[in-house]
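In the numbering used here, the protein residues as written are 5 to 159.
No residue lacks a Cβ here, since even glycine has one placed at the ideal position from N, Cα and C.
Data block below; observations after.
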């Protein structure tokens with residue numbers, strides 16, 4: 005495995021999809037960094053667990069966390085960063101292999117590829133949602149803490 009090459013290619017893929025999705029120019033590098041971080045988390049987790057679904061969940065979770073941080077920094081919606089960032093995690097080859105197997109009348113192999121693609125897609129969705137919930141809890145805690153501080157200084 006060539007970590008620098010994979011990091012560069014995932015950065016390039018996420019940045020290129022940022023261009024396709026018409027994100028502002030000043031965020032293209034950040035979109036690439038989000039995709040690269042998600043892919044590297046995915047690869048590290050996959051090396052440890054050898055489970056692509058769990059690794060995809062971890063990668064999508066990382067994408068959403070980094071996207072939230074960058075959304076705050078750039079004062080832009082989180083979706084600007086997360087959509088381009090999840091592109092390296094999308095199971096396109098498994099979906100393609102599923103359709104190819106159907107065309108070749110190899111239905112058992114097609115079901116296997118399709119089930120894998122669906123589980124990975126679900127893991128992407130769950131990773132994004134779980135990170136969103138976590139960040140909302142953090143933001144609510146920070147807001148309550150700030151209100152408490154402001155209330156203490158006024159009295």
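Check: Comparing alpha-carbon positions, which option in 119, 28, 76 lies nearest residue 97?; Outcome: 119
Check: So, at 6 Å on beta carbons, what are the nonlocal neighbours of residue 14 in its own chain, with the 5 sequence-adjacent residues on each side left out?; Outcome: 39, 40, 43, 92
Check: Am I right that residue 131 and residue 65 are in contact with their C-beta atoms under 8 Å? What's the rounded C-beta distance?; Outcome: 4 Å
Check: Under the three-state reduction of DSSP, which class applies to residue 136: helix, strand or coil?; Outcome: helix
Check: Quick one: is residue 95 buried, meaning 16 or more other Cβ sit within 10 Å of its Cβ, or exposed?; Outcome: buried
Check: Counting beta carbon pairs with one atom in the segment 131-147 and one in the segment 62-79, are three or more of them shorter than 8 Å?; Outcome: yes
Check: Which residue from 60, 11, 86 puts its Cα closest to that of residue 46?; Outcome: 60
Check: Is it the case that the CB of residue 54 approaches a heavy atom of the ligand ATP more closely than 6 Å?; Outcome: Within the structure as shown, the ligand ATP is missing, as the structure has no ligands at all.
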